[in-house]
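Input: a single structure, listed below in structure tokens.
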Ligand SMILES: [Zn+2]
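Numbering (my numbering), first residue to last: 10 to 127.
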């Protein structure tokens, strides 16, 4: 089983990325219980540590506007990887939904400021 620790997934010398849109400059951290997520048969990831968010994503999370957060995340994905086909768009959105539902279920407290731009 692959164990991913959210707090160590950073590039030295660069600001930490947002776990919701992947933009650099995470400014908030959400405490959450560790949980395991199945990627494909036989491959599971343990998500361990707080979830980081940039200020834009933090505002969408606090406003409980998950559809807007999904659009923001997909826009960043397109900027990095190029245009998505409608099928890819649906597949990524379908992947984000259960991941973020798990986050919401396992969040243990309010966001804490960790730096970055607010
Ligand atoms: Zn973000």
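Don't be surprised by glycine CBs; every beta carbon is placed ideally from N, CA and C.
Own chain, CB closer than 8 Å to residue 93, minus 5 neighbours either side, in chain order:
Counting from one through the chain shown, the residue named residue 93 turns up at place 84. So the list reads 83, 86, 87 and 101, once near-sequence residues are dropped.
Pick helix, strand or coil for residue 18, following the three-state DSSP scheme.
Counting from 1 along the chain shown, the entry for residue 18 is found at position 9. Note that residue 18 has pLDDT 49, beneath the 50 cutoff, so the model's placement of it is unreliable and the number below is only indicative. Residue state, collapsed to three classes: coil.
In terms of residues, what are the limits of the beta strand (DSSP E) holding residue 29?
Translated into positions along the chain shown, residue 29 becomes position 20. Looking at the DSSP string, residue 29 is not in any beta strand (DSSP E), and its letter there is neither H nor E.
Residue 50 beta carbon near ligand 1 (any heavy atom closer than 7 Å)
In the chain shown, residue 50 corresponds to position 41, counting from 1. Every heavy atom of ligand 1 is 7 Å or more from the Cβ of residue 50, so no.
Check the DSSP bridge columns for residue 2 and list the partner residues they point to.
Since the first and last residues shown for the chain are 10 and 127, residue 2 lies out of range.
In angstroms, rounded to a whole number, what distance separates the CA positions of residue 31 and residue 72?
The sequence position of residue 31 within the chain shown is 22, counting from 1. The sequence position of residue 72 within the chain shown is 63, counting from 1. Taking the straight line from one Cα to the other gives about 19 Å.
Are the beta-carbon atoms of residue 96 and residue 61 separated by less than 8 Å?
If you number the chain shown from 1, residue 96 lands on position 87. If you number the chain shown from 1, residue 61 lands on position 52. With respect to the 8 Å criterion, residue 96 and residue 61 are not classified as neighbours on the basis of their beta carbons.
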